[in-house]
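Asks: One structure follows; several queries about it will come next.
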Amino acid sequence: MPWNRDTWVSLSPTGLTETKPRHFREMARIAWENRSELPFAWRILTRGVCDGCALGTTGMRDWTIEGTHLCMVRLELLRLNTMPALDPERLADVAPLASLSSEDLRQLGRLPHPMVRRRGEPGFRPISWGGALDLVGARLRDAPTECIAFYLTSRGIPNETYYVAQKAARFLGTNHVDNSARLCHAASTVAMKEMLGHGASTTSYRDWLHSDLIVFFGSNVPNNQPVTTKYLHFAKKNGVRIAVVNPYREPGLERYWVPSIAESALFGTKLADDWFEVDTGGDLGFLNGVLKALLEEPDGMDHDFVRGRTTGFEAAADAVRGQTWEDLERSSGAPQERMRDFARLLVEQPNAHFVWSMGLTQHAHGVDTIRALVNVALARGLPGRPNRGLMPIRGHSGVQGGAEVGCAPSPGEAALARWEQVWGFPVPRAKGLTANDQVEASARGEIDVFWIVGGNFLETLSGAERNRAALSRPGLRIHQDIVVSSSMLVEPSDTVLLLPAATR
Numbered sequence: 009m010p011w012n013r014d015t016w017v018s019l020s021p022t023g024l025t026e027t028k029p030r031h032f033r034e035m036a037r038i039a040w041e042n043r044s045e046l047p048f049a050w051r052i053l054t055r056g057v058c059d060g061c062a063l064g065t066t067g068m069r070d071w072t073i074e075g076t077h078l079c080m081v082r083l084e085l086l087r088l089n090t091m092p093a094l095d096p097e098r099l100a101d102v103a104p105l106a107s108l109s110s111e112d113l114r115q116l117g118r119l120p121h122p123m124v125r126r127r128g129e130p131g132f133r134p135i136s137w138g139g140a141l142d143l144v145g146a147r148l149r150d151a152p153t154e155c156i157a158f159y160l161t162s163r164g165i166p167n168e169t170y171y172v173a174q175k176a177a178r179f180l181g182t183n184h185v186d187n188s189a190r191l192c193h194a195a196s197t198v199a200m201k202e203m204l205g206h207g208a209s210t211t212s213y214r215d216w217l218h219s220d221l222i223v224f225f226g227s228n229v230p231n232n233q234p235v236t237t238k239y240l241h242f243a244k245k246n247g248v249r250i251a252v253v254n255p256y257r258e259p260g261l262e263r264y265w266v267p268s269i270a271e272s273a274l275f276g277t278k279l280a281d282d283w284f285e286v287d288t289g290g291d292l293g294f295l296n297g298v299l300k301a302l303l304e305e306p307d308g309m310d311h312d313f314v315r316g317r318t319t320g321f322e323a324a325a326d327a328v329r330g331q332t333w334e335d336l337e338r339s340s341g342a343p344q345e346r347m348r349d350f351a352r353l354l355v356e357q358p359n360a361h362f363v364w365s366m367g368l369t370q371h372a373h374g375v376d377t378i379r380a381l382v383n384v385a386l387a388r389g390l391p392g393r394p395n396r397g398l399m400p401i402r403g404h405s406g407v408q409g410g411a412e413v414g415c416a417p418s419p420g421e422a423a424l425a426r427w428e429q430v431w432g433f434p435v436p437r438a439k440g441l442t443a444n445d446q447v448e449a450s451a452r453g454e455i456d457v458f459w460i461v462g463g464n465f466l467e468t469l470s471g472a473e474r475n476r477a478a479l480s481r482p483g484l485r486i487h488q489d490i491v492v493s494s495s496m497l498v499e500p501s502d503t504v505l506l507l508p509a510a511t512r
């Protein structure tokens, strides 16, 4: 595509006079950091699968846009693949490690082999793989099936691992298996399955390139999924408009220097065209206000879509009609006119994408917020059509696939019956525990074997001290990971086993 000065941020080469990420300086730092394993690091980048965000690739290419497909998230993670093994003596006494940050613990190196810690011991000692598996097998045989739980999450866990883990759990007779998708996009899954029958994206970033409008709600993709900025750059070249609904005006969404595109690397790319500021948690009121405005606009509704593709929509319409503009302004933190402006923008730009992340879901009313978002999308006929749709954007690669291959406590009777037929063994029907429920059950002493692959409940769930006490209760707690985390250091009631893992 020809260069266009209208999209440039500044004439200052590579943004030297701007406050921005210094990508090329960071690349040099990362190359130096991995200098002892540069050939291996290069093989990972050129032949491996990205273990960064949910928009990962194979090698340094993708299937949509020509050129290099690489971002700083992936490069920052490179050292986890190339770092040397930790010295087992560092874990012989864990007391000095208690004050270390997660980053400092990672810098100790990769777990080289299984290690075990018994109650009353100061730390871990090496154990053979045979000894570790014998220990796990004996405890699993002795534990009641309802007292066994599995939790999986991490950057880079492939679908096959999620599938095998949930199959193993059900072979053992338990549905207590979950993954991190519930912690981040549970609200999206619940609301979208309820309203659309499908708890995942209805569109692709490929469709962004040919849409009219991309709206980001509660999301900062340049920071969390930076490779998306490459697609946004080319979308802007195609005339796509970008709007942001957020409490804070994120600098990265305002302008960005995409290092893999020469024009953008030199002069930057202007991104967001429209900003709609709301209070924290005010998205629900804002979206209800937008729907109210669409109902009042002469051409606000896609009536053919609503009549032909939805049921019960009038109940949602009546609900927002019953809310006063004063109440909506108060709950959203946005004036009525801005909600009307957003509604008009959707009418003027019919091929729209709604993209959202934790800013919408991590609230007590997260499910209601996603319901409101889907209602607006249905009013405009966005789902199921080319170059428009809904995209709950994930933070880690693999979590969407993890849920779709059944690594969840309640996959549904149809899936359970199908697995039973294919696998040839009885599949339990008892209700499974979600991640939060697993921790609470553990705190009550109801979990005997807790197998945790990746993740760190001390940092991802609220109530760190409560979670610490819960992790200390199971008779056997297994942590399978590539590096040390703070949750591994929690003193066991009986035994903690560390199992090393491979990255992909």
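So in the numbering used here, spot 110 of the sequence shown is number 118, and the numbers just go up one at a time. Positions of the beta carbon are idealized from the N, C-alpha and C atoms, including for glycine. Bear in mind that the values here come from a model prediction, so they are computed numbers and not experimental data.
Exposed or buried, what is LYS439 when buried is set at 16 or more other beta-carbons lying within 10 Å of its beta-carbon?
Replies: By the 10 Å Cβ count, LYS439 comes out exposed.
Asks: Just confirm the distance between the C-beta atoms of PHE225 and ASP307, as a whole number of angstroms; I'd bet it's less than 8 Å.
Replies: So it is not a contact: roughly 23 Å between Cβ atoms.
Asks: When the distance is taken between beta carbons, is PRO230 closer than 8 Å to GLY260?
Replies: Contact flag set, yes.
Asks: Measure the alpha-carbon distance for ILE165 versus ASP310 and round it to whole angstroms.
Replies: Roughly 41 Å between the two C-alpha positions.
Asks: Okay, do the region 44-64 and the region 195-212 touch, 3+ Cβ pairs below 8 Å being the bar?
Replies: The region 44-64 vs the region 195-212: no contact.
Asks: Output needed for TYR264: all residues of its chain with C-beta closer than 7 Å, excluding positions within five of it in sequence on either side, in chain order.
Replies: Within the same chain, TYR264 has close Cβ partners PRO230, THR237, GLY276, THR277, LEU279.
Asks: Are the beta-carbon atoms of PHE242 and PHE350 separated by less than 8 Å?
Replies: In this structure, PHE350 does not lie closer than 8 Å to PHE242 by Cβ.
Asks: Using the rule of at least 16 other Cβ atoms within 10 Å of the residue's Cβ for burial, across every protein chain shown, is ASN89 buried or exposed?
Replies: Classification for ASN89: buried.
Asks: Determine which residues share a DSSP beta bridge with PHE158 and list them.
Replies: PHE158 is bridged to VAL185, TRP459.
Asks: Which same chain residues, not among the five before or five after MET91, have their C-beta less than 7 Å away from its C-beta?
Replies: Only GLY117, ARG118 meet the Cβ criterion.
Asks: I'd like to confirm the pairing. Which residues does DSSP put opposite THR503 in its beta bridges?
Replies: DSSP lists ARG126, LEU484 as partners of THR503.
Asks: Go ahead and pull the three-state DSSP assignment for TRP16.
Replies: Coil, per DSSP.
Asks: Could you give the first and the last residue of the continuous alpha helix (DSSP H) run that contains MET80?
Replies: Taken as a continuous stretch (DSSP letters only), the alpha helix (DSSP H) holding MET80 covers 80-90.
Asks: Out of curiosity, what's the CA-to-CA distance linking THR511 and GLU322?
Replies: For THR511 and GLU322, the distance between alpha carbons rounds to 50 Å.
Asks: Nearest CA to the CA of SER480: which residue from LEU506, GLY139, SER470, VAL498?
Replies: It is VAL498.
Asks: Consult DSSP for ALA251 and reduce its assignment to one of helix, strand or coil.
Replies: Three-state DSSP puts ALA251 in a strand.
Asks: Within a Cβ cutoff of 6 Å, which residues of the same chain sit near LEU203, ignoring the five residues on either side of it in sequence?
Replies: One point to set straight first is that residue 203 is Met, not Leu, in the sequence displayed. Excluding positions up to five away in sequence, the list reads VAL382.
Asks: Apply the 10 Å Cβ neighbour rule to GLU337 and answer buried if 16 or more other Cβ atoms are within range, or exposed otherwise.
Replies: Buried, since its Cβ has 16 or more Cβ neighbours within 10 Å.
Asks: When burial is assigned at 16 or more other CB atoms within 10 Å of the CB, is MET9 buried or exposed?
Replies: So MET9 ends up on the exposed side.
Asks: Whose C-beta lies closer than 8 Å to the C-beta of PRO122 among residues of the same chain, with five residues either side of it excluded?
Replies: So the qualifying residues of the chain are PRO134, ILE135, SER136, TRP137, GLY139, ALA140, LEU505, LEU506, LEU507, PRO508.
Asks: Check TRP11 in the structure and name its three-state DSSP category.
Replies: Reduced to three states, the DSSP call for TRP11 is coil.
Asks: Flag this pair as yes or no: are the beta carbons of THR54 and GLY67 separated by less than 8 Å?
Replies: Taking 8 Å as the Cβ cut-off, THR54 and GLY67 qualify as a contacting pair.
Asks: Write down the C-beta distance between LEU303 and ALA380 rounded to the nearest angstrom, noting that I regard them as a contact closer than 8 Å.
Replies: The pair is not a contact, with the Cβ atoms about 13 Å apart (cut-off 8 Å).
Asks: For ALA387, which option in LEU148, ASP456, ARG98, VAL314 has the closest C-alpha, if you only look at C-alpha atoms?
Replies: It is VAL314.
Asks: For ASN12, does the count of other Cβ atoms within 10 angstroms reach 16, so buried, or fall short, so exposed?
Replies: Result: exposed.
Asks: Are the region 364-380 and the region 193-203 touching by the rule of at least three beta carbon pairs closer than 8 Å?
Replies: Segments in contact, yes.
Asks: What separation, rounded to the nearest whole angstrom, lies between the Cα atoms of ALA39 and THR288?
Replies: Answer to the nearest angstrom: the Cα atoms are 39 Å apart.
Asks: Sort GLU467, THR468, GLU412 by Cα distance to VAL172 and report the nearest one.
Replies: The shortest Cα separation from VAL172 among GLU467, THR468, GLU412 belongs to GLU412.
Asks: Report the residue from TYR159, THR169, ALA177 whose alpha carbon sits nearest the alpha carbon of ASP186.
Replies: Here the closest residue by C-alpha is TYR159.
Asks: Using DSSP with H/G/I as helix, E/B as strand and the rest coil, what is MET399?
Replies: MET399 falls in the strand class under three-state DSSP.
Asks: Within the same chain, show all residues whose beta-carbon is closer than 6 Å to that of PRO152, passing over the 5 residues directly before and after it, in chain order.
Replies: Taken in chain order, the list of residues that qualify is empty.
Asks: Roughly how many angstroms separate the alpha carbons of ILE378 and MET200, rounded to a whole number?
Replies: The alpha-carbon atoms of ILE378 and MET200 are separated by roughly 8 Å.
Asks: Within 10 angstroms of the Cβ of ALA106, are there 16 or more other Cβ atoms? Answer buried if so, exposed if not.
Replies: Flag for ALA106 reads exposed.
Asks: Since I believe PRO419 is in contact with VAL457 (beta carbons under 8 Å), could you give me their beta-carbon distance rounded to a whole number of angstroms?
Replies: That pair is no contact at about 21 Å.
Asks: According to DSSP, is LYS439 helix, strand or coil?
Replies: In this structure, LYS439 counts as coil in the three-state DSSP scheme.
Asks: Could you spell out the range, first to last residue, of the alpha helix (DSSP H) harbouring LEU240?
Replies: That run of the alpha helix (DSSP H) goes 236-245.
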